[in-house]
Structures are given as structure tokens and as C-alpha cells.
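Heads up: the sequence shown at position 85 corresponds to 73 in our numbering, and the numbers run straight through without jumps.
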Amino acid sequence: MDVFAFLEARIRDDEDAARCGFLTSVPTAIFPGGPVSSRGTELSPPMRQRVLNECAAKRAILLHCMLHCSDSGVEVLAVLARVYKDHADYQETWPSHRMSQWPPQSGHAAYT
-11 MDVFAFLEAR IRDDEDAARC GFLTSVPTAI FPGGPVSSRG TELSPPMRQR VLNECAAKRA
49 ILLHCMLHCS DSGVEVLAVL ARVYKDHADY QETWPSHRMS QWPPQSGHAA YT
């Protein structure tokens, strides 16, 4: 599986979960106060919409990179894929060598 197929599958997983109202394997720090059940973290209707909007944005980035980007585009997708690094299909070999220390620490240029 390449990074394109991997991201498409994870985006689809996130969309399906948001439509059902639950995200699985989400740290409660990301969605504080959301009830957690065996199905995952329960999402409020506004949070469901935010997750669906995020999925649409990720899909737009994926499509743009597929159609218009060179190797640097694949690196961007590898960075997006790192969000899902705990997934069984994630591959450390995807070209995200510039992002080996992700997320950046406080004080890093990404935060300025």
C-alpha cells in the first residue's frame, strides 16, 4: 500500500466514524469532555462536522498532490500519514525524513 491509498483509507475511516458519531483511538485530550465508550469518543454534532470538514480538506490535499506534486508532495502526504502512525498499515519508510521529530517541540520554528 502506498501513502496515497493509505491516506484515502484513513480519511474514509474518519468520515465513517464521524457520521456514526464516534472516533476510535482518539486521545481524550483532543476532545476533552467527550464521553468515551467502547465505541470510542462520542462527538457532538459540531465536532462531527469539524471532523468531516477536516476529512474534506485532507482529501483536497491528497488530490492536489496526486495531480500536481513531485517528490515534495509525497513528503507532505507522508507528514499527513504520520497522524496515523499507530495503524498497522503505516510504513515508517514513507519519505518524511525531514519530519523525523514530529510533532515539533515548543519553541520550534513551526510555532513562531
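Glycine included, each C-beta is placed from N, C-alpha and C at the ideal position.
Simplified DSSP state of residue i, which is helix, strand or coil
i: Glu80; result: coil
i: Leu51; result: helix
i: Leu31; result: coil
CB-CB length for residue i against residue j, believed under 8 Å
i: Leu(-5); j: Ala69; result: 6 Å
i: Asp101; j: Met(-11); result: Residue 101 falls outside the range modelled here, since the chain spans only -11 to 100, and no answer is possible.
i: Ala6; j: Leu40; result: 5 Å
Cβ neighbours of residue i in the same chain (closer than 8 Å, five flanking residues each side left out)
i: Pro83; result: Asp59, Val62, Glu63, Ala66
Residue i, enclosing alpha helix (DSSP H) - first and last residue
i: Asp2; result: -9 to 8
Rounded C-alpha distance that separates residue i from residue j
i: Gln79; j: Ala(-7); result: 12 Å
i: Ile(-1); j: Cys43; result: 6 Å
i: His53; j: Ala(-3); result: Position check: residue 53 holds Cys in this sequence, whereas His was assumed. Each residue's Cα considered, the two are about 16 Å apart.
i: Phe19; j: Gly9; result: The predicted model places Phe19 with a pLDDT of 49, which falls under 50 and marks its position as unreliable, so this point remains unresolved.
Same chain only: Cβ atoms within 6 Å of residue i, ignoring 5 sequence neighbours per side
i: Lys46; result: Ile(-1)
Nonlocal neighbours in the same chain, by C-beta distance under 7 Å from residue i, ignoring five residues either side
i: Val(-9); result: Val62, Leu65, Ala66, Ala69, Trp82
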